[in-house]
Amino acid sequence: MNRFLLSLFASMGILISAAQVLVSDSLLTSFTVQELLDAGVGGAEYPVEVHRLVYNTVDAHGAPTLASGAIVVPVQNACYHALAAYMHGTILNREDVPSRLSGEIIVGYFLGSAGYVAVLPDYLGLGDGPGRHPYVHARSEATACVDMLRAAREYCDQHGTLLNGQLFLAGYSQGGHACMATHKYIQEEVGGEFTVTASAPCSGPYDVSGVQAEVMVSPDPYPAPYYLPYVIFSYGYVYPDLYSDISEVFKEPWATTLPPLFQGNNGSGAVDAVMPDVPSTILQDSVLQNFSTMPDHRMRVALRENDLYDWAPLAPVKMIYCQGDNHVFYRNSIVALDAMQANGAQQVSTMDLGGLDHGDCAYPALLQAKAMFDAMQGDCTWNGIDDLAVMDWSVYPNPASGSVRLSMRSTDDGRFSWELFQNDGRSVGAGLGRTVEGEAVLNMPTDAPGSYVLRVMAGQRTGALHLVLE
Numbered sequence: 002m003n004r005f006l007l008s009l010f011a012s013m014g015i016l017i018s019a020a021q022v023l024v025s026d027s028l029l030t031s032f033t034v035q036e037l038l039d040a041g042v043g044g045a046e047y048p049v050e051v052h053r054l055v056y057n058t059v060d061a062h063g064a065p066t067l068a069s070g071a072i073v074v075p076v077q078n079a080c081y082h083a084l085a086a087y088m089h090g091t092i093l094n095r096e097d098v099p100s101r102l103s104g105e106i107i108v109g110y111f112l113g114s115a116g117y118v119a120v121l122p123d124y125l126g127l128g129d130g131p132g133r134h135p136y137v138h139a140r141s142e143a144t145a146c147v148d149m150l151r152a153a154r155e156y157c158d159q160h161g162t163l164l165n166g167q168l169f170l171a172g173y174s175q176g177g178h179a180c181m182a183t184h185k186y187i188q189e190e191v192g193g194e195f196t197v198t199a200s201a202p203c204s205g206p207y208d209v210s211g212v213q214a215e216v217m218v219s220p221d222p223y224p225a226p227y228y229l230p231y232v233i234f235s236y237g238y239v240y241p242d243l244y245s246d247i248s249e250v251f252k253e254p255w256a257t258t259l260p261p262l263f264q265g266n267n268g269s270g271a272v273d274a275v276m277p278d279v280p281s282t283i284l285q286d287s288v289l290q291n292f293s294t295m296p297d298h299r300m301r302v303a304l305r306e307n308d309l310y311d312w313a314p315l316a317p318v319k320m321i322y323c324q325g326d327n328h329v330f331y332r333n334s335i336v337a338l339d340a341m342q343a344n345g346a347q348q349v350s351t352m353d354l355g356g357l358d359h360g361d362c363a364y365p366a367l368l369q370a371k372a373m374f375d376a377m378q379g380d381c382t383w384n385g386i387d388d389l390a391v392m393d394w395s396v397y398p399n400p401a402s403g404s405v406r407l408s409m410r411s412t413d414d415g416r417f418s419w420e421l422f423q424n425d426g427r428s429v430g431a432g433l434g435r436t437v438e439g440e441a442v443l444n445m446p447t448d449a450p451g452s453y454v455l456r457v458m459a460g461q462r463t464g465a466l467h468l469v470l471e
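Numbering follows the numbering used here, in which position 383 of the sequence shown is assigned residue number 384; successive positions increment by one, without gaps.
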């Protein structure tokens, strides 16, 4: 199958390397197929192991920090697997995260037992991550998720888990926002390292400055009033000039009662217990008035920086939502669809699952996301690289260190191009060459021992040669 497009060769012998991201991994638990089925994970095909990963990343201000997440790995097979990242919904308590086997880790079980390597980041400031969680901050959601993907890839390389180069992204609620942020960040900034196969952001606030900001000014009750102070505390951390003291934003008693509840050890119920049913009630009158009437109010500008609808995804995107969602308004998806199509996106769509509310929408939405991925997932044997053997081509020594000799005695003029791939389909080196008396010497990386595929093209012929570097 010809599914892997060869990269353009800028120069001979280009090698790409990256600093180690993974700090530690620890086995949390494991499940047999029967245990998964008994736990309600329908359709489980593979046993899984669940590990906690701690990894290097950057905080909302670009400074080095640590974050954590869970990885659910199908085991006892020799298949090539797609990466599938799932971004969780809103969490206040730092312990209610995937790496603590809480809540939405079940999504990882569904994905892992279906043959995906499931990657579930905790986000910054949650789990083992120090400091405050920058809630609904697009940039740090994306960097934390991408660095978790890097850590997961390193884990797979260290443990012999084979990857096929595919990458699927999904998320629900805040996770829908994080999913969209991650897809956009990969396409615009790290496209040479990852390529998104497809994404399915579900019930996410993609228009936080418009559709979702209605919560700030609405005189109506809202079922999750804790969202409003969470965003304001978060943005006060990310944007220090937003306010000097929270009393500038909140009336009493909320200016006093709310801050202690956002230290990472309380859940949403503790916040909602002290919040009024109409969230805008807590805002100072001047803040409410100015936010309502000033398009460039500082809070509106901060929210606008975290909108995620004004771009054009290249890979398929399906935004799944329910019109009955009274937490994250479905019009977020409509605004995003219209803007993306106006920007020229060809593979963006929406799916409306009807009148379900925010909580009830999650399960059917994620089932639809998984169905989308299943339809595109490579089979067990596909590693994303043409596996074309050319019987009179060979590489030696094998295993090798430093350099190898490529024998190609049947080429016409001896000219060829080559590219070196890791088993996850990532290109780590490329070049042009010409054989002398049927052979050529290729310099290989010396700092990354492991199993590779050397793809060679000469004229109309292509060969994929397996190579071990020591």
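We put the beta carbon where it would ideally sit given N, CA and C, even for glycine.
Since we're looking at a predicted model, the values are computed, not measured.
Sequence-distant Cβ neighbours of Q324 in its own chain, meaning closer than 7 Å and more than five residues away, are Y331, D353, G355 and G356. Secondary structure of L170 (DSSP, three-state): strand. Under the 10 Å beta carbon count, N344 is surrounded by fewer than 16 other beta carbons and is classified as exposed. Burial is judged here by how many other beta carbons sit within 10 angstroms of a residue's own beta carbon; R435 has fewer than 16 and is exposed.
For the set G177, Y136 and Y81, the Cα lying nearest the Cα of H359 is the one of G177. Bounds of any alpha helix (DSSP H) do not take in L357, whose DSSP letter is neither H nor E. Excluding five sequence positions before and after I106, the CB atoms of its chain that fall closer than 7 Å to its own CB belong to A71, P99 and L121, given in chain order.
Cβ atoms of Y87 and G109 come within 8 Å of each other, at about 6 Å. Looking at the DSSP output, P75 bridges to V49. In the assembly as shown, N307 is a buried residue. Its beta-carbon has 16 or more other beta-carbons within 10 Å.
DSSP places A145 in the helix class (H, G or I) of the three-state scheme.
Annotation: the continuous alpha helix (DSSP H) that includes E215 extends over E215 to V218. In this structure, P206 lies near V137, with their beta-carbon atoms less than 8 Å apart.
When N266, A363, L29 and R299 are compared, the shortest CA-CA separation from L243 is found for R299.
At least 8 Å separates the beta-carbon of L37 from that of Y156. Where Q324 is concerned, there is no enclosing beta strand (DSSP E), because DSSP gives it neither an H nor an E.
Taking C-alpha positions only, D278 is separated from R133 by approximately 26 Å. Around the Cβ of E438, a 10 Å sphere holds fewer than 16 other Cβ atoms; the residue is exposed. Between the C-alpha atoms of D375 and L367 there is a straight-line separation of about 12 Å. Around V197, the same chain offers L168, L170, H184, I187, Q188 and A316 as residues with beta carbons nearer than 7 Å, after the five sequence neighbours per side are excluded. Inclusion of S204 and L93 in the CB contact set at 8 Å is not warranted, their separation being larger than that value. Approximately 7 Å separates the beta-carbon atoms of T447 and S402; this is inside 8 Å, confirming the contact. The closest CA to that of D129, considering only M181, P261 and A68, is found on A68. Here N444 is exposed: its Cβ has fewer than 16 other Cβ atoms, across all protein chains shown, within 10 Å. In this structure, L112 places its C-beta atom within 8 Å of the C-beta atom of V73. Judged by DSSP secondary structure, D26 falls within the beta strand (DSSP E) whose first and last residues are L23 to F32. By the C-beta density criterion, N333 is buried, having at least 16 other C-beta atoms within 10 angstroms. The continuous stretches of alpha helix (DSSP H) do not include H82, which lies in the beta strand (DSSP E) extending over residues Y81 to M88.
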